[in-house]
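See below for the structure under consideration.
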Amino acid sequence: MKLTTENLSLFSDSNLDPEKWPTNILSHNHRIQRWANFIAGYSIEFVETCLANRQANEEVILDPFLGCGTTLVAARNLGFNGVGFEAHPIFYTLAKAKLTNYTINEVNEMAQKILTENVPIQWAKDAQKFIAKMYCESNMEKISRAATAVNSTPTDLKPLAVALFLKACEAACEAQTDGIYKAPDSKKKSIPFQSAVELAVTIFKEDIDSHWYQTHWVNQQTPRCYLKSSESLSELENNSIGMCITSPPYLNNFDFAEMTRLHLYLLGWADSWKQITQSIRQDLIINTTTALQNRKSHEFQNQKRDSLPLALQEALIPIIDDLSIQKKSRAGKKDYNFIVYPYYSQIQSVLKEVFRVLKQNGLLHWVVADAALYGVHIKTHQHTKTIMESLGFSNVTINFIRKRGHRWVLSKREGTKEGLGEYHIIAHKH
Numbered sequence: 011m012k013l014t015t016e017n018l019s020l021f022s023d024s025n026l027d028p029e030k031w032p033t034n035i036l037s038h039n040h041r042i043q044r045w046a047n048f049i050a051g052y053s054i055e056f057v058e059t060c061l062a063n064r065q066a067n068e069e070v071i072l073d074p075f076l077g078c079g080t081t082l083v084a085a086r087n088l089g090f091n092g093v094g095f096e097a098h099p100i101f102y103t104l105a106k107a108k109l110t111n112y113t114i115n116e117v118n119e120m121a122q123k124i125l126t127e128n129v130p131i132q133w134a135k136d137a138q139k140f141i142a143k144m145y146c147e148s149n150m151e152k153i154s155r156a157a158t159a160v161n162s163t164p165t166d167l168k169p170l171a172v173a174l175f176l177k178a179c180e181a182a183c184e185a186q187t188d189g190i191y192k193a194p195d196s197k198k199k200s201i202p203f204q205s206a207v208e209l210a211v212t213i214f215k216e217d218i219d220s221h222w223y224q225t226h227w228v229n230q231q232t233p234r235c236y237l238k239s240s241e242s243l244s245e246l247e248n249n250s251i252g253m254c255i256t257s258p259p260y261l262n263n264f265d266f267a268e269m270t271r272l273h274l275y276l277l278g279w280a281d282s283w284k285q286i287t288q289s290i291r292q293d294l295i296i297n298t299t300t301a302l303q304n305r306k307s308h309e310f311q312n313q314k315r316d317s318l319p320l321a322l323q324e325a326l327i328p329i330i331d332d333l334s335i336q337k338k339s340r341a342g343k344k345d346y347n348f349i350v351y352p353y354y355s356q357i358q359s360v361l362k363e364v365f366r367v368l369k370q371n372g373l374l375h376w377v378v379a380d381a382a383l384y385g386v387h388i389k390t391h392q393h394t395k396t397i398m399e400s401l402g403f404s405n406v407t408i409n410f411i412r413k414r415g416h417r418w419v420l421s422k423r424e425g426t427k428e429g430l431g432e433y434h435i436i437a438h439k440h
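In the working numbering, the protein residues as written are 11 to 440.
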């Protein structure tokens, strides 16, 4: 039986707008998927569209930028086996929580442990100062004890514990968020931490106790997930993957490490901004100026430039020059000119590995957006196509999805005359 979105949806009469499929705003409609998500990412429905007319028993689905697991949640629901790679420990753990089978008893056990732990975690000074901007004192005390419980949880149950904990922390947080970064100076409605845990438990238990979960989900193959950069897919054999569906970090100075700063602090997985740079940013795709520590030397930049196809190098030179000129007259002096070569070099490494592991006639679905840094238009979709074709991909097509970035065109953040967009690149391995 081929399941549809409706089978996975919480609301069987949900009218889904196809224009929203490439966004992640429909996640609350889906069991498991609603456990954990960030604003960046596409929807369950987008993945299902990519998988239409493919045979589940013949295909393994790859997502080299797993994020919170959307690709593999959708693929598993449709009966496909899958494998994912994610370098960020928060995203990896949340994806594991969604893709691992759990029981009602395990959820109850984790909730009890989280609510009854007596020993508080010792947050570092920087972390505690940041957390105090987001939570009232009574919630902070309870959260600190809960963090100890989460970190002492056995490995097999830790993803569940982390997902429950962070879901509760979100509801208990007093700081407003735009869906990406926390804004400590603004406020939103919050609830006591114990009530937040109970709310999270209700959501998780509803999903686990559902007919869909008990009769279908638990009987599907559990995807393999790896906590590592996808610049090497050494765990996968040549010609072993039927389809790759993914969306890499965009070249837009969006800092995934900063986005999860609060989560890392709450769990005690990082103590400071410096540690986040050293332990998290260093493993991620270089798409933000905060990731440039020890990466601005001529030797490093030239090495990354020379790794790229000559046609792409020629296209990027005037962009780099323009960014360098713009930086001199800007108050922020952002080093955008130093992130371009490393970004494309890393993307090329991932695509090279994807090409290697795809079967003959395998398919790649790649969602990406162009960028405007200091008003300099960077056509990432076109540049990515150049890389794909140089690696051997054929019939590479770029499909416009939607306009984006118009909300961010402010006095301090310029757009472009052409406007920014999001694109769906489809490539074949013949």
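Just so it is clear, CB atoms sit at the ideal spot from N, CA and C, and this is done for glycine as well.
Note that the coordinates shown come from a computational prediction; the quantities given were computed from them, not determined experimentally.
Residues bridged to residue i [DSSP beta-bridge criterion]
i, result
"S205", "Bridge partners of S205: none, in fact."
"S404", "H438"
"D73", "G94"
"E432", "A379, R412"
"R234", "V93"
"M253", "I71, L373"
"V386", "L383"
"K197", "A185"
"L368", "I251"
Own chain, CB closer than 6 angstroms to residue i, minus 5 neighbours either side, in chain order
i, result
"T80", "G51"
"Q311", "Y351"
"P259", "I295, N297"
"D136", "S282"
"H38", "R44"
"Q358", "I397"
"K108", "I42, W45, G79, V83"
Cβ neighbours of residue i in the same chain (closer than 7 angstroms, five flanking residues each side left out)
i, result
"A134", "D281, S282"
"V406", "K395, M398, E399, I435, A437"
"C146", "E184"
"A301", "R291, L294"
"F266", "H98, P259, L294"
"L167", "E116, M120"
Cα-Cα separation between residue i and residue j, rounded to whole angstroms
i, j, result
"Y351", "T256", "21 angstroms"
"K177", "T212", "11 angstroms"
"I131", "N149", "13 angstroms"
"N63", "N248", "24 angstroms"
"L18", "E55", "For L18, the predicted model reports a pLDDT of 46, less than 50, meaning its position is unreliable; a value from the coordinates is still stated below. C-alpha separation (whole angstroms): 10 angstroms."
"N128", "N161", "13 angstroms"
"L322", "Q230", "42 angstroms"
"F403", "R366", "11 angstroms"
"N91", "H226", "14 angstroms"
"H308", "D345", "14 angstroms"
"V419", "Q303", "At V419 the pLDDT is 44, less than 50, meaning the model places this residue with poor confidence and gives no usable figure here."
"N111", "V228", "6 angstroms"
"I327", "L318", "12 angstroms"
"G372", "E151", "52 angstroms"
"K338", "A381", "20 angstroms"
"N347", "I408", "26 angstroms"
"A341", "E116", "53 angstroms"
"G431", "T390", "10 angstroms"
"V57", "A85", "7 angstroms"
"Q392", "H375", "15 angstroms"
"S334", "S240", "30 angstroms"
"A171", "E324", "49 angstroms"
"R155", "S205", "15 angstroms"
"M120", "P164", "11 angstroms"
Cβ-Cβ separation, residue j to residue i (assumed contact under 8 angstroms), whole Å
i, j, result
"S200", "A173", "That belief does not hold up - the Cβ atoms of S200 and A173 are roughly 19 angstroms apart, past 8 angstroms."
"F95", "K238", "6 angstroms"
"K413", "S355", "About 29 angstroms separates the two Cβ atoms, so there is no contact after all."
"I141", "L261", "Not quite, the Cβ-Cβ distance comes to about 31 angstroms (not below 8 angstroms), so this is no contact."
"P74", "V377", "Rounded, the Cβ-Cβ distance is 13 angstroms, inconsistent with contact."
"P233", "L104", "That belief does not hold up - the Cβ atoms of P233 and L104 are roughly 14 angstroms apart, past 8 angstroms."
"C235", "L76", "6 angstroms"
"K123", "A159", "5 angstroms"
Which listed residue (the options) has its alpha carbon closest to that of residue i
i, options, result
"V207", "E180, E268, W222", "E180"
"E268", "K284, Q313, V364", "K284"
"G89", "F75, P99, E69", "E69"
"Q186", "D345, I153, L272, P164", "L272"
"D331", "F203, Y384, E96", "Y384"
"K143", "G431, T110, V93, K197", "K197"
"Y223", "H40, L125, N409", "H40"
"D263", "Y353, Q336, I329, N87", "Rather than Asp, the amino acid found at residue 263 in this sequence is Asn. The shortest C-alpha separation from N263 is found at Y353."
"S244", "A85, E363, E119", "E363"
"Q138", "S240, A157, Y275, P169", "Y275"
"C60", "I411, C254, Y433, I286", "C254"
Contacting residues, own chain, Cβ-Cβ under 8 angstroms from residue i (five flanking each side not counted)
i, result
"I114", "K215, I218, D219"
"K369", "N249, S250, I251, G252, K439"
"I349", "L261, N263, I296, N297, T298, T299, A301, L302"
"K306", "D345, F348"
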